[in-house]
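Engineer: Take this structure, written in structure tokens, and hold onto it; I'll ask about it next.
4 protein chains.
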Amino acid sequence: MSTQPTFGAGLWHFASYLDRYAVDGYGPARTTLENIALAGSVEDLSVVDLNYPFTPGVGLDEVKDALKAAGLGAIGITPEIYLRRWSRGAFTNPDPAARAAALDLMHEAAGVVRELGASYVKIWPGQDGWDYPFQVNHHDLWKLAVDGMRELAGAHPDLRFAIEYKPREPRVKMTWDSAARSILGIQQIGLDNVGVLLDFGHSLYGGESPADAAQLLIDYGLLYGMDVNDNLRGWDDDLVVGTVHLTEIFEFFYTLRINGWEGVWQLDQFPFREDPVDAARTSIRMLKTLYAALERLDYEGMKAAHAAQDAMAAHRLIQDALLRVEVA
Amino acid sequence: MSTQPTFGAGLWHFASYLDRYAVDGYGPARTTLENIALAGSVEDLSVVDLNYPFTPGVGLDEVKDALKAAGLGAIGITPEIYLRRWSRGAFTNPDPAARAAALDLMHEAAGVVRELGASYVKIWPGQDGWDYPFQVNHHDLWKLAVDGMRELAGAHPDLRFAIEYKPREPRVKMTWDSAARSILGIQQIGLDNVGVLLDFGHSLYGGESPADAAQLLIDYGLLYGMDVNDNLRGWDDDLVVGTVHLTEIFEFFYTLRINGWEGVWQLDQFPFREDPVDAARTSIRMLKTLYAALERLDYEGMKAAHAAQDAMAAHRLIQDALLRVEVA
Amino acid sequence: MSTQPTFGAGLWHFASYLDRYAVDGYGPARTTLENIALAGSVEDLSVVDLNYPFTPGVGLDEVKDALKAAGLGAIGITPEIYLRRWSRGAFTNPDPAARAAALDLMHEAAGVVRELGASYVKIWPGQDGWDYPFQVNHHDLWKLAVDGMRELAGAHPDLRFAIEYKPREPRVKMTWDSAARSILGIQQIGLDNVGVLLDFGHSLYGGESPADAAQLLIDYGLLYGMDVNDNLRGWDDDLVVGTVHLTEIFEFFYTLRINGWEGVWQLDQFPFREDPVDAARTSIRMLKTLYAALERLDYEGMKAAHAAQDAMAAHRLIQDALLRVEVA
Amino acid sequence: MSTQPTFGAGLWHFASYLDRYAVDGYGPARTTLENIALAGSVEDLSVVDLNYPFTPGVGLDEVKDALKAAGLGAIGITPEIYLRRWSRGAFTNPDPAARAAALDLMHEAAGVVRELGASYVKIWPGQDGWDYPFQVNHHDLWKLAVDGMRELAGAHPDLRFAIEYKPREPRVKMTWDSAARSILGIQQIGLDNVGVLLDFGHSLYGGESPADAAQLLIDYGLLYGMDVNDNLRGWDDDLVVGTVHLTEIFEFFYTLRINGWEGVWQLDQFPFREDPVDAARTSIRMLKTLYAALERLDYEGMKAAHAAQDAMAAHRLIQDALLRVEVA
């Protein structure tokens, strides 16, 4: 392999943020169009995943034009089914009217996917789940989660739906919380246009090995997409990729490579206090370094190390591929 | 319901322990027979799960006699596939000879289950997994785990095999690590005599809601058994049940009850520094208190609270059933 | 002791919230005056801790009147040194102008404490710290944190300043992160009007035992205040008190009682998706239940259990005081 | 700086291990002398920290000879105050006789330090603390911990005592659990021959930044020693250094360097399932790589990045020093 991977990013990488403390925001609000322009200024970025709805007043044609001007394609559309209307759940909201409104928004998002020629509707039901032990009937909650996804995906057999699982946040505990649980849910849905978007950080702080989760999803034919970032393993910090877990991000990309998975290398980061363009450039610098290390890696040696489950041998190979090793 | 549940315990509750620091043990070693005698001195205990092999020199007939003398039945047999021979894995050991030896031991244990009329062979592959990122090929490792279980269970269609999943320890990361992953593995095994033993503490520190995990396993018809204990949510501390997570243990038993699950309430605790009989009695005192609270609970009220996902209402009902509530 | 404790709450308990996903807020925004009115409707609430600045347009006199009308006193004022201006730090901001602006706001808040006759200025420097390993020089950062607090408290020798430590959030890692570190910092400040506000949940998810942290602070004469809530031990979930960690909250209040600490029992909760008045009432119901259990506890028995470090004996006493125990 | 650091290891790196599951051990037991011989076979290793007592039957003279033959010096002696006799605590044991026996062993160990010309007695009170909430009186427990250390260190004014703090294990919660708490305790001891041995992994999984902890201890003049390893941030896995947290270990060594701290770079690892010599060599290969990266680092650039708290700039410098960076 000699060509670089395609690089992408969630458009929110270029937004500004709020949280429960900095309620006036970490910076001035930016429109969808401004975010696209910023993304376009990152040289190696080819595609973006866009939140939907766009900023009020911004139309689909304007977005198309802005993407074209920025030299960007759309890989996915992420309907914001985690706003106030759905703070008690989108698919699993106890109120049927709220569930119906969530589906309406997702149907709209599906239309936008068609219009932009994107690869999938990304479904991230961040408010689906519970906060307190004993708050819900678990059978009923899970049924709502699965039935809603079936209704959605069944209505758009021409499109693909990628569920992004996450252990928690904003809900204290989320329904689609792991790779294995997501596979079970997709089996229950029973449609062939539902898969998973694997977020490296979600997997990591959920206690999975992201490489193992990727392998499992590939073995089930369900790895529709992935994005990367980093964290301290206790929360979805959405830090810049490779700043903490270098071995594990390298193993993750290694696993994709040996399975011949060739999708987009996507960033899902929240640079709250950093310049987003600088953060994206620093991230892609790291991704290129990881890619070059993959090119350099001794695959036969690694295969032998894995056959023996020899961690020391494997780590010496990683060091050689990735680090400026000094041996006396 | 007016009868008490049947209470059980892993026989290791009455053993003494070693760890990597107190290498001379937390107390003098005891034989299988001595452990049975201690278990028998706990009034409300009816069944035990026995490690296999028994203490060297102790035969099956002696064990039968000891159980009878103690007024105890055997609910399960747990082959010790986590001793030195299998420190690099039982099913997933890179050495085929070690894997074969593990199967031999498990076949023997299956024979003991038949002899004692126990309910299941409990399979806890604590050494199966990996320690380091990049140590294994995840596809191959999981295949070993699944194929080995299929070979084992396929050889004994008259018996039931209960896999006890756990996130980690002694291996830094274990293969059978969650309820959802276990269900996937059992689907891949494709036999109807393999299920799950759900350990409350494993589920809790693995980031699951134990009640949710129980519901999921019940919905798949796979909850073969369960045991309880407690921890600080970061490790398998195997503390006495109810000493930390009172709401969650109550929700766990509530979930079993509303599903009509009527198996044994079993203890899996390691009272390293406590008198094991005192610890078992204190535990059963708590279990009876929880059972009485279940009897007292307002089920209609809880159903309504759950339909509305009203955590505050649910918690007032829990308080009323469980606590000595004082309202001004 | 026969009188109930005084109950209080952070006024933000009655606000509505934003987070990085529900950017349109979990409910319509409410003014300081509306929050006070809601707090006033909770029967047993006597005092509140108020964020400062108040909602734009709301003056100090109006706040005084609203408090009076609501039958509430002010226990503390919390300057919002975590808004956008200070997203890269208040005391530890690399920009001296931002640090100066933070001090200005805190000086103003000190004036409000005087005007309202409150007990302390609460300092919660949530943006002080770092996000990435290798982002800061740790010596310099800590010096900024300590020097700034000294400058602030030194300017108001007639007032008390209570630092509320927290491990993280919104900053990935905070400077004042534990009880012990806070004591060291206060020693370095060298003034006698700086102490600590201990938040039960911060202590818990920071890996402390809240009871142990309280004891340590009391032994140093630095426990200026405390507030309670609950979480799942991995994040500052700010759940309703007693919904998860019943043993530990009871041990916390027990420790205060045996030391004769008689301050306000304060709530610091974020009922994102609950009615705040209902949540406050449910919380106080729990606090009264805990208080009654404290009244009922066998202190001599507990003293003996502690002398022997006998956890089983201690837990039977807790069960008797707190639970509706059933013994066959 | 052009000379390499001195490398050391806890002698237990070369031992074999037990745990609560593999009760027959991860390998055949080895004697102190055999462990020394293995350590001697690792080319770059200069010093070891020895557990005391030695294997029964092995005398001090034999140990001296073995060290000499292996070309090793003794940096410290670690009395095993965590064996069965002290499973309920060494300094904090409720039984005064157990406390006295622990002191006896530590006095003996002090004698061995003198005999071997080691740098310190290392005190790691792994059994001191508690398992259950509400098990102890926290004031009394901490007083026992501090008073005992004072008695010990006061009896040997010619020696140095290095406390190795750790959050937990084997005790569910340990008394000396963090850098800040240890400093407080040492202040209370009031002697100038008590300091801290900072274990990178303990600090990391205790929620500290190891670099920050090192800086704090240096600022108090208390960093007597340090050792390194790695883990997954949830437990003391004692993995080979640099296999997971490359950024943080590099920041740790950077912090030591800019403070002119020039002690031994010591390994505290438990290669349960690896060949210990292979693991030690792989570790030192990593340490040399880190040392070379330190030599290469742009210190002026890092200073500027730190003054601005510019994480992106800092990380590009780290990448340049440590990784085989590829920029298009």
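Chains A, B, C and D supply the protein sequences, listed in that same order.
Going by the numbering used here, the final residue of the first sequence carries number 328, and the count climbs one at a time with no gaps.
Going by the numbering used here, the final residue of the second sequence carries number 328, and the count climbs one at a time with no gaps.
Going by the numbering used here, the final residue of the third sequence carries number 328, and the count climbs one at a time with no gaps.
Going by the numbering used here, the final residue of the fourth sequence carries number 328, and the count climbs one at a time with no gaps.
All C-beta atoms, glycine included, are put in the ideal place defined by N, C-alpha and C.
Quick caveat, the model's predicted, so the values are computed rather than measured.
With respect to the alpha helix (DSSP H) encompassing T32(A), which residues constitute its N-terminal and C-terminal limits?
Structural biologist: First-last of the alpha helix (DSSP H) with T32(A): T32 to G40.
Engineer: In angstroms with no decimal places, state the Cα-to-Cα distance between I189(B) and M149(B).
Structural biologist: If you take the alpha carbons of I189(B) and M149(B), they lie about 7 Å apart.
Engineer: Looking at the C-beta of L38(C), does it have a partner C-beta in chain B at a distance below 7 Å?
Structural biologist: Closer than 7 Å: no.
Engineer: In three-state terms, what does DSSP make of G76(C)?
Structural biologist: Three-state DSSP puts G76(C) in a strand.
Engineer: For the stretch 119-138 of chain C, which residues have a CB atom closer than 7 Å to at least one CB atom of chain A, in sequence order?
Structural biologist: Listed by position along the chain: G126, D131, Y132 and P133.
Engineer: Hey, is E326(A)'s beta-carbon within less than 7 Å of any beta-carbon in chain D?
Structural biologist: So yes, E326(A) belongs to the interface.
Engineer: Pair every Cβ in the stretch 294-306 of chain A with every Cβ in the stretch 257-271 of chain D, then say whether three or more of these pairs are closer than 8 Å.
Structural biologist: Cβ pair count under 8 Å is below three, so no.
Engineer: Whose CA, out of L38(A), D131(A) and E80(A), lies closest to the CA of F54(A)?
Structural biologist: Considering only alpha carbons, the answer is E80(A).
Engineer: Cutting at 6 Å between CB atoms, please list the residues of its own chain near I186(C), excluding the five before and the five after it.
Structural biologist: Same-chain partners within the cutoff: V194.
Engineer: Would you mind sorting G221(A) into buried or exposed? The rule is 16 or more other CB atoms within 10 Å of its CB.
Structural biologist: Exposed is the call here.
Engineer: Is the Cβ of T289(D) closer than 7 Å to any Cβ of chain C?
Structural biologist: No, T289(D) lies away from the interface with chain C (no Cβ there is under 7 Å from its Cβ).
Engineer: Name, please, each residue of chain C whose Cβ falls closer than 9 Å to the Cβ of I186(D).
Structural biologist: Near I186(D) there are no residues of chain C at all, since even the closest Cβ is about 11 Å away, more than 9 Å.
Engineer: I218(A) to D212(A), Cα distance in whole Å?
Structural biologist: Each residue's alpha carbon lies about 10 Å from the other.
Engineer: Helix, strand or coil for G89(C), going by three-state DSSP, please let me know.
Structural biologist: Note: G89(C) maps to coil in three-state DSSP.
Engineer: Short of 6 Å in beta carbon distance, which residues of its chain neighbour W176(A), apart from the five on each side in sequence? Order them along the chain.
Structural biologist: I163, Y165 and S182.
Engineer: Would you verify that the beta carbon of G207(D) is, or is not, closer than 7 Å to some beta carbon of chain C?
Structural biologist: Yes, because at least one Cβ of chain C sits closer than 7 Å to the Cβ of G207(D).
Engineer: Can you list, in chain order, the residues of its chain whose CB lies under 6 Å from that of D268(D), leaving out five sequence neighbours each side?
Structural biologist: Within the same chain, D268(D) has close Cβ partners G10, D199, D227 and N229.
Engineer: Quick one, are the C-beta atoms of A311(C) and A293(C) less than 7 Å apart?
Structural biologist: Their beta carbons are not under 7 Å apart, which means A311(C) does not touch A293(C) by this criterion.
Engineer: Using a Cβ cut-off of 7 Å (strictly closer), state whether Y165(C) contacts chain A.
Structural biologist: No, its Cβ sits nowhere closer than 7 Å to a Cβ of chain A.
Engineer: Do E251(C) and P94(D) have their C-beta atoms closer together than 7 Å?
Structural biologist: Taking 7 Å as the Cβ cut-off, E251(C) and P94(D) do not qualify as a contacting pair.
Engineer: Go ahead and label R114(A) buried or exposed: buried means 16 or more other beta carbons lie within 10 angstroms of its beta carbon, across all protein chains shown.
Structural biologist: Classification for R114(A): exposed.
Engineer: Along the chain, where does the beta strand (DSSP E) containing Y224(B) start, and where does it finish?
Structural biologist: L223 to V228 is the extent of the beta strand (DSSP E) around Y224(B).
Engineer: Per DSSP, which one or two residues make a beta bridge with W176(B)?
Structural biologist: Its beta-bridge partners do not exist; DSSP assigns none.
Engineer: At a CB-CB cut-off below 8 Å, which residues of chain C make contact with A247(B)?
Structural biologist: Correcting the residue identity first, residue 247(B) is Thr in this sequence and not Ala. Going along chain C in sequence order, the residues near T247(B) (Cβ under 8 Å) are T243, V244 and L246.
Engineer: Listed in chain order, which residues of the stretch 299-320 of chain A have Cβ atoms closer than 9 Å to some Cβ of chain B?
Structural biologist: Correct list: M302, K303, A305, H306, A307, A308, Q309, D310, A311, M312, A314, H315, L317 and I318.
Engineer: Report the residue from L33(C), A90(C) and A39(C) whose alpha carbon sits nearest the alpha carbon of D275(C).
Structural biologist: Checking every option, the nearest Cα to that of D275(C) belongs to A39(C).
Engineer: Is it the case that the Cβ atoms of R84(C) and S87(A) are separated by a distance below 7 Å?
Structural biologist: Their beta carbons are not under 7 Å apart, which means R84(C) does not touch S87(A) by this criterion.
Engineer: With distance defined between alpha-carbon atoms, name the residue in H202(B), L184(B) and E43(B) nearest to I284(B).
Structural biologist: Considering only alpha carbons, the answer is E43(B).
Engineer: Here's the rule I'm using: 16 or more other beta-carbon atoms within 10 Å means buried, otherwise exposed. How should T32(D) be labelled?
Structural biologist: The residue in question, T32(D), is buried, as its Cβ has 16 or more Cβ neighbours within 10 Å.
Engineer: For S178(D), which residues in chain C fall below 7 Å Cβ to Cβ?
Structural biologist: Ordered by position in chain C, the residues that pass the 7 Å Cβ test against S178(D) are S178 and A180.
Engineer: For M1(B), which three-state DSSP category applies?
Structural biologist: Note on M1(B): pLDDT 45, under 50, position unreliable in the model; no value is reported.
Engineer: Among the candidates L116(C), H156(C) and E169(C), whose CA atom is the shortest distance from the CA of G89(C)?
Structural biologist: Of the candidates L116(C), H156(C) and E169(C), the one whose C-alpha sits nearest the C-alpha of G89(C) is E169(C).
Engineer: So, are the CB atoms of I75(D) and V121(D) less than 7 Å apart?
Structural biologist: No.
Engineer: Below 8 Å on the Cβ atoms is my contact criterion, and I expect V47(A) with T3(A) to pass it. Report the Cβ-Cβ distance as a whole number of Å.
Structural biologist: V47(A) to T3(A), Cβ: 16 Å. No contact.
Engineer: Quick one: residues in its chain with C-beta nearer than 6 Å to the C-beta of M1(C), no 5 flanking neighbours on either side, listed in chain order?
Structural biologist: In this prediction, M1(C) has a pLDDT of 45, which is less than 50 and means its spatial position is unreliable; what the coordinates show is noted afterwards. Contacts found: none.
Engineer: What is the DSSP secondary structure of Q266(A), counted as helix, strand or coil?
Structural biologist: Correct three-state label for Q266(A): strand.
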